[in-house]
Structures are given as C-alpha cells and as structure tokens.
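Note sheet for the following structure.
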Amino acid sequence: MKGLLCFLLLTLTTIPALAQQFTEINAGLAKPPFPCVVWGDYDNDEDLDVLVAGLGKQDVPFTIIYKNTAGTFSDSGIVVQGLSRATAAWGDFDGDGDLDLAMTGLNGSGVPTTRVYRNDGGVFTAVTGNFTGVFAGTVTWADYDGDGDLDLLVTGTATGGATATAVTRLYRNDGGVFTSVAHPFPNCYLGAVAWGDFNNDGNVDVIITGVSETGALIAAIWRNDGGGAFSDIGANLPGMDLGTVAWGDYDNDGDLDLLFAGNSNDGSITRLYRNDAGTFNDANAGLLGLLWSSAAWGDYDNDGDLDLAIAGYDPVAQVHRTIVYRNDAGAFVDSGSTFHNVFLGTISWADCDNDGDLDLLVAGNENGGDIVSIYRNNNATQNSAPTAPTNLAVNVIGTSVDFSWNAGGDAQTPTSALTYNLRVGTSPGASNIVAPQSASSGYRRLPAMGNVQLRLGAHLRGLIPGTTYYFSVQSVDTAFAGSAFAVEGSFVALVDPPQNVTISMETSGTVHTVWRGTPGSLYGIEVSSNLQDWMPLSNVPAAAGTGLFEFFETPAPGVTPRFYRAVRP
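Add 1 to a position in the sequence shown, counting from 1, and you land on the number used in our numbering.
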C-alpha cells in the first residue's frame, strides 16, 4: 500500500502543469474610468497603435494616441480633443491610405461632442460639419450606400446631466463632406451598434440596441435594401442596453452569427444567435449572462474558428468577470485563462507584437480600480496568412460594376470562414474609391473582417463614365491576418443608357420629353419618322443631382409623326 501511494505521488508530480496562455505586459497605457480604447495602425508602419480616451487628473478629459514600436507603446504627441465617456472608431473615410478617426464624448466643459478627424500622414485635422454632439452611445463606420466610401452612424444622448435626449444620426460621406440623412432607425443611447452583411447580398446591414426616447429597451436588425432603404427584419430580439453586440461566423458556415449581451427585457443575458438563412435562433451556447459588458470575436488559439472574449458584471454572483471562451467545433468552453475581472470598459483582440497570434486588451473597472491592460498571447502555434483570391473578374454595367473572385486558402481557417477585402482606385495601387484599410503588403491596419466580409463578390455604384479604375482583393482569416493582394485588374466605367420618364404634349403643341441618365453625363436627342432612320437634334446634359434631362420641340404643322429617343453621344 505504501509503495502504491509512492507510485501515485510520483505519477502526479511528473504531469506537466498547464501554462497560463496569456501574460500581462506593462504597456504603460493610461487608466481612466469608463475607458475608450481602440486599435488601429494610424502611422502605416505595420504595427497596431492604440487610442485611449477618458477622464484624467483633476477631472480633465484626455485622448492619447499611443505609437506602437515593436510592441513598445509611447505617447505619439498627436493632439486631438480630450473626451470622457467616449467612443471612437478608426476608418479611412477619404481613401488616402491612412486611418482617420471619429469620436464622441464629453469635452472639458461637460458638453456632448462628436468629432471627425482627417489623418494626413499623422497630422490630424478636425473635419468641419454639422455633427450633433453626443456621449453614452456608439460611433461606427460603414459604407451603407454602396458608393465605396465610409459613412458614419452615431448614437447617444445629446444632453448632459440627469436628462437624456436620445439621438441616432446617419451621416452620408460624399467626397469627405458629411451630411445628416433621413433613416428609419430609432433614437437611442446606452446601446450597441454593429454593421454586418448577414444575408450576403452585398449591402451591409446593422443591429442597433439601446434606450429609446420613451425609455423602452430596443433591439432590432435592420436589413439594408439598397438605395438608403432599411427594413426591420423582425428578428424577435429582446430589447437591450448596457451591453454589446458583435457579428462573427462562429460555426464557419459562411454567414454571420450574432453575439448579443447585456441588460435585456429577458434579464442579464449573453446569447449567441445562430444565423439560419437569415433567421436568428438561440444557439444555447451556455455563456455567462453579463451586463455593462464588452465582447470581441477572434481566433486566439489559431485553430481556424472564432473564439470569444467577454467582460462585464455578473448580477447573480455580484462579481466582475473577464472570460475567454474557446470555440471547440461550435461548443464554447471557458479557456481557464485568468485576467483582470472588469466591467464598464472594453475588450478587444489584436496581434500587437506581430508574432502570429492575437493578444488581448482588457480595460474597465476592477473592484473600484481602473484597468487598461494588454495580455500577450503565448500560443506556440503561429497563425499563417491566407493565400490571395484568384480569378478576379468584373461585369461593368454603365456606372456600376460587379466584382467576383475565387476563394483564397488558409492553413488554419476553413475556406468558408475567410473574409475578403476590396481595394479600388483611379490609379494603379490606389484606394481612393474603396479603401481596404490594409497596407500594399497586405498587412491589416485594423484587426477586423475584410470590408466585403464573407462574400466572393462585391457591387460598386456611382462611378464616373469613361474613367479607368484599378482593383484588387485580399483574403482575411479568423485571426485577422491579411493575404497579399491578388494581381491587380482594371476596367472602364460606361455611360448608363437613358431611361424614359415621361412624354407629353403641351397645349401649345410642344412635345416635352424627360429622361433619366447618369448625373453629369451628356446625352444625344434623336428623332425619327419610321423608327428606323434617326436624325440627331441636340445634345443635353443630365442634371448633376437627379440625372434627369429633358427636350422640347414644336413640330411644324402637317409634319409626319415624330418619334424621339435619347442615346449615348
């Protein structure tokens, strides 16, 4: 018996202990309450920098952009307005190849503020515009109208203090000029917003949650029907605030599923909704219900599927929690890794040291103390970048174009789970029409899906007739590594054929015809008496805004019947 006990002890001591996969590093980042922290390679040196904003010493709000140099962070010295209770988003809205910045929050006087900054080689300049100032909301970039440039959606409250004025604004980007446009979304604050093409039709859809003007909790998925029209799909989600939403294809079936967590009409929840052909069903993933939460998808273990990090407050146990769930073939298991347990903050994945695995940023409040911390991922299995798409093709339809390509490949990520990133410009290698937010090498300046998401194609409208465009595509895997760009292609946009709108006879005997064509393009008006032989009469420009153009003629008495048409000159 004694010998057996010794054998058991010996056996136990020879079993290697499981190593903590994540190691906290001393990044030297500021640690404000209610921290806003976002990753983005603002200086194009191919490592991910980080912005931190919040309330600093003597209650003065600050915004610091930290430059990342080989994994070491230092204050860049870039001056942008200090904001507390802030949100921020990086995005190349002007297509010049570097990341611009949008922010909301409270300025030093406690006034709700919305700012957009243009980044020109590391020099940040505030963009003039009629932006409604908000805080306690969201700010997100997306090309909702399909013209290639990034538009801006902002939610929050425009009133400080005890009262709240819920606001939702959609700003259309036209050549760097932002205009607030009509939309069907409810005004809301204290919510979450995420864009994602859940039905793979090429139009980016959006989920919006929060507190409405009436104080009710709301949550809806809005399908983008094109042309600026959106429809509530009736997804039957519970109203929710104080939480987070995030799109990701967790089951690698080629469509976007939805992570949904916070304070809801169903209580404190963290749910994963599986996308089944556009219908969202609770996957019963067994995730811990958290509020004041933040969550992020990312393949931290490099096995090709999306894992989940989440932080927030567990009202049942009355504790703060930070958990990394490992995705094992669609089943989510607590990884067992330990972190600062926080709420009222943010959590995000990024390979900040460029070693081939995703590191984790954890920020928030831990038992009364404020935390902004980076955990280095010690994964022994490095991620490899995917291969580029092949067989790029275009179908030019007047001033619109359809792109298509064959899937790339990856050693870890299944083909169905790769996302894609389109680049379009008016000169070789340029991105002034569609910005990929990647370097020419393929390095991703944002740790995120590609701008086309899971589709093997894209549609782009609003091109200039006669202009030559250059394009390419890269693959992006579940650890947000980008492939090299595919061999560049080119095409020439055409003039759209005109469409007849009306034809009428005035009381004076004047024939009045109206057509619609490409705005700003010139069209020819022709006449015929037999629908076979056509004679040119005039050239007429289509209106810059509407594309409408018209023609008047008073035929001479007794003239033979006349037929009119508009043609490309």
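Heads up, the beta-carbon is just placed ideally off N, CA and C, and yes, glycines get one too. Owing to the predicted nature of the structure, the values given are computational and were not obtained by experimental measurement.
| query | result |
| --- | --- |
| Please check the pair Asp-152 and Tyr-172, which I expect to be a contact at CB under 8 Å, by giving their CB distance rounded to whole angstroms. | 6 Å |
| Note down, one range per segment and in chain order, each beta strand (DSSP E) of at least 3 residues found wholly within the stretch 346-404. | 360-367, 370-378, 391-398 |
| For Pro-466 and Val-568, what's the separation of their Cα atoms in angstroms? | 14 Å |
| What number of angstroms, rounded off, separates the C-alpha of Pro-316 from the C-alpha of Ser-269? | 7 Å |
| Just curious, the beta strand (DSSP E) that Gln-475 is in, first and last residue? | 469-477 |
| Measuring straight from C-alpha to C-alpha, what distance separates Ala-351 and Thr-479? | 12 Å |
| Tell me the DSSP secondary structure of Thr-245 in three-state form. | strand |
| Between the C-alpha atoms of Ser-505 and Phe-404, what's the straight-line distance to the nearest angstrom? | 40 Å |
| Excluding five sequence neighbours on each side, which residues of the same chain lie with their C-beta closer than 7 Å to the C-beta of Asp-497? | Gly-399, Thr-400, Gly-518, Thr-519 |
| Can you tell which of Thr-382, Ser-385, Ala-408, Gln-383 has the C-alpha that lies nearest to the C-alpha of Asn-392? | Ala-408 |
| Using CA atoms only, rank isn't needed, just tell me which of Ala-485, Phe-23, Gly-192, Glu-554 is closest to Thr-508. | Glu-554 |
| Please look up how many angstroms separate the CB atoms of Phe-179 and Val-117, rounded, as I've assumed it's under 8 Å. | 7 Å |
| Are there three or more Cβ pairs, one per stretch, closer than 8 Å when the stretch 368-377 is compared with the stretch 467-474? | no |
| Just checking my contact of Leu-273 with Leu-288 at CB under 8 Å: how many whole Å lie between their CB atoms? | 7 Å |
| For Leu-238, I'd like the list of residues in its chain whose CB is within less than 6 Å of its CB, leaving aside the five on either flank, ordered along the chain. | Ala-220 |
| Alpha carbon to alpha carbon, how far is Asn-378 from Gly-72? | 13 Å |
| So, do the stretch 232-249 and the stretch 198-217 have three or more beta carbon pairs nearer to each other than 8 Å? | yes |
| Met-506 lies in the beta strand (DSSP E); which residues open and close that run? | 500-506 |
| Which of the three DSSP states is assigned to Leu-9 in this structure? | Bear in mind that the predicted position of Leu-9 carries a pLDDT of just 33, short of 50, making it too unreliable to give a figure here. |
| Kindly indicate which three-state DSSP category Asp-206 falls into: helix, strand or coil? | strand |
| On the CB-based measure, 16 or more other CB atoms within 10 Å of its CB, does Met-536 come out buried or exposed? | exposed |
| Cutting at 6 Å between CB atoms, please list the residues of its own chain near Thr-414, excluding the five before and the five after it. | Gly-305, Asp-478, Thr-479 |
| Would you mind working out which of Ser-476, Ala-54, Phe-35 sits nearest Val-406, comparing C-alpha positions? | The question names Val, yet the displayed sequence has Trp at residue 406. The shortest C-alpha separation from Trp-406 is found at Ser-476. |
| Going by the CB atoms, is the gap between Val-194 and Thr-156 shorter than 9 Å? | yes |
| Using 10 angstroms around the beta-carbon of Asn-342, count the other beta-carbons present and answer buried if the total reaches 16, otherwise exposed. | buried |
| Please give the ranges of any beta strand (DSSP E) in the stretch 66-101, keeping only runs that are unbroken, at least 3 residues long and fully inside the region. | 73-76, 85-92 |
| Spatial neighbours of Leu-5 within its chain, please: CB distance less than 7 Å, with the 5 preceding and 5 following residues excluded, ordered by chain position. | Low confidence applies to Leu-5: its pLDDT is 36, below 50, so where it sits in the model is not reliable, and the reading given next is rough at best. For Leu-5, where only same-chain residues beyond five positions count, there are no Cβ hits under 7 Å. |
| If you draw a straight line from the alpha carbon of His-321 to that of Tyr-314, how long is it in whole angstroms? | 4 Å |
| Since I believe Ala-487 is in contact with Ala-389 (beta carbons under 8 Å), could you give me their beta-carbon distance rounded to a whole number of angstroms? | 4 Å |
| From this set, Pro-562, Leu-361, Gly-490, which residue's C-alpha is nearest Ala-310's C-alpha? | Leu-361 |
| Beta-carbon within less than 6 Å of His-184's beta-carbon, same chain only, minus the 5 sequence neighbours each way: which residues are those? | Leu-171 |
| Sorted by chain position, which residues of the same chain lie with C-beta nearer than 7 Å to Thr-561's C-beta, five sequence neighbours on each side aside? | Ser-530 |
| Please check the pair Pro-62 and Leu-107, which I expect to be a contact at CB under 8 Å, by giving their CB distance rounded to whole angstroms. | 7 Å |
| Note down, in chain order, each residue of its chain lying with its Cβ closer than 6 Å to the Cβ of Ala-444, except the 5 sequence neighbours on either side. | It should be pointed out that residue 444 corresponds to Tyr in this sequence rather than to Ala. Here the set comprises Glu-47. |
| Quick one: grab the DSSP three-state call for Ala-418. | helix |
| Ordered along the chain, which non-local residues of its own chain (more than five positions away) have a Cβ less than 6 Å from that of Pro-499? | Trp-516, Gly-518, Tyr-524, Ala-567 |
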